Amino acid sequence: MGQTHDWASQVDVEHLERIRRAPALFAPGGVGHLILEVVAYAEEEAAANGGGRCSITLHADGSVTVSDNGRGTATVVDRQGQVVKKPVMVSRDLRFFDAPDAPCLADGHPRRGISVVAALSEWLVHTNRRDNGSWTQRYEHALPITDLVPIEADGTTGTTVQFRPAEAVRAMGTVKVDELLWSPQLSVEVNDLR
């Protein structure tokens with residue numbers, strides 16, 4: 001698979017603002033579409049690794065947590081020795097965003113990338129566990145408000161994204177668990193705590 005994001009663009013403010021101005025276009029149907037955008041990355045990991053697991057928790061406060069057991073978000077060490085992560089939350093997915101032939105998610109709408117989730121959420125926490133280090137980072141209204149905060153390794157790998165969709169997205173409708181569909185390679189557990 002080729003390059004998915006521009007590593008030089010750590011925060012693409014113009015891209016994020018474009019999404020925030022058009023929630024109905026980028027999250028058709030509401031929160032369910034945002035969940036599918038996150039799960040699409042877990043599906044890719046599962047397909048590349050011969051299977052995988054994902055859990056989705058719908059919380060009483062309107063937030064959602066999606067966790068998978070993939071490899072975690074890619075990171076590199078820059079020339080100053082600082083860990084830099086692939087800017088998946090705050091830049092365009094070069095494969096899908098604005099692509100006329102972007103694949104559709106299970107809801108029948110085009111895949112745009114996980115930056116749509118960050119842009120259309122009040123807050124988002126991205127937790128990453130990789131063989132070469134684990135960390136978490138918080139975003140508010142799509143912008144990172146913390147650096148990468150190291151967390152203790154627990155012997156697992158994977159990505160957890162917890163987010164609270166913006167009111168405009170929540171107002172588009174409630175998530176119906178039975179309408180969320182998955183790929184055959186990904187085993188999904190849904191915990192509805194609403």
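In UniProt numbering, the protein residues as written are 1 to 194.
Just so it is clear, CB atoms sit at the ideal spot from N, CA and C, and this is done for glycine as well.
Note that the structure is a prediction, hence the values are computed from the model and not measured.
With DSSP collapsed to three states, give me the class of residue i.
{"i": "H33", "result": "helix"}
{"i": "P28", "result": "coil"}
{"i": "D192", "result": "strand"}
{"i": "I56", "result": "strand"}
{"i": "V13", "result": "helix"}
{"i": "D68", "result": "strand"}
{"i": "V149", "result": "strand"}
{"i": "P184", "result": "coil"}
{"i": "V175", "result": "coil"}
{"i": "A40", "result": "helix"}
{"i": "S63", "result": "coil"}
{"i": "V90", "result": "coil"}
{"i": "A22", "result": "coil"}
{"i": "R95", "result": "coil"}
Return the CA-CA distance between residue i and residue j, expressed in angstroms with no decimal places.
{"i": "V175", "j": "V116", "result": "17 Å"}
{"i": "Q10", "j": "N69", "result": "25 Å"}
{"i": "G32", "j": "R79", "result": "40 Å"}
{"i": "E152", "j": "R129", "result": "9 Å"}
{"i": "M1", "j": "R71", "result": "With a pLDDT of 40 at M1, under the threshold of 50, the predicted position of this residue should be treated as unreliable, and no value is reported."}
{"i": "A24", "j": "L124", "result": "19 Å"}
{"i": "R53", "j": "I145", "result": "29 Å"}
{"i": "T157", "j": "D131", "result": "7 Å"}
{"i": "V38", "j": "D154", "result": "23 Å"}
{"i": "D178", "j": "A166", "result": "23 Å"}
{"i": "A42", "j": "N49", "result": "11 Å"}
{"i": "A99", "j": "S183", "result": "22 Å"}
{"i": "P150", "j": "D12", "result": "24 Å"}
{"i": "E44", "j": "A118", "result": "19 Å"}
Which residue or residues does DSSP assign as beta-bridge partners of residue i?
{"i": "H126", "result": "Q137 and V161"}
{"i": "P144", "result": "Y139"}
{"i": "P110", "result": "C104"}
{"i": "S121", "result": "P165"}
For residue i, which residues from the same chain have a beta carbon less than 6 Å from its beta carbon, with the 5 sequence-adjacent residues on both sides left out?
{"i": "S28", "result": "With the sequence shown as reference, residue 28 is identified as Pro, and Ser is not the correct amino acid for it. The residues are H109."}
{"i": "I56", "result": "V66 and V190"}
{"i": "H15", "result": "R92"}
Would you mind giving the Cβ-Cβ distance between residue i and residue j, rounded to the nearest angstrom? I have them listed as a contact below 8 Å.
{"i": "R170", "j": "G62", "result": "6 Å"}
{"i": "L34", "j": "L120", "result": "6 Å"}
{"i": "F97", "j": "G113", "result": "5 Å"}
{"i": "L193", "j": "A106", "result": "Not really, about 22 Å apart at Cβ, beyond 8 Å."}
{"i": "M89", "j": "H126", "result": "6 Å"}
{"i": "A46", "j": "Q162", "result": "The Cβ separation is near 20 Å, so there is no contact."}
{"i": "T75", "j": "T159", "result": "T75 to T159, Cβ: 12 Å. No contact."}
{"i": "W135", "j": "L148", "result": "4 Å"}
{"i": "R111", "j": "A102", "result": "5 Å"}
Below 7 Å CB to CB, which residues in the same chain sit around residue i once its five sequence neighbours on both sides are set aside?
{"i": "A22", "result": "none"}
{"i": "A40", "result": "L105 and R111"}
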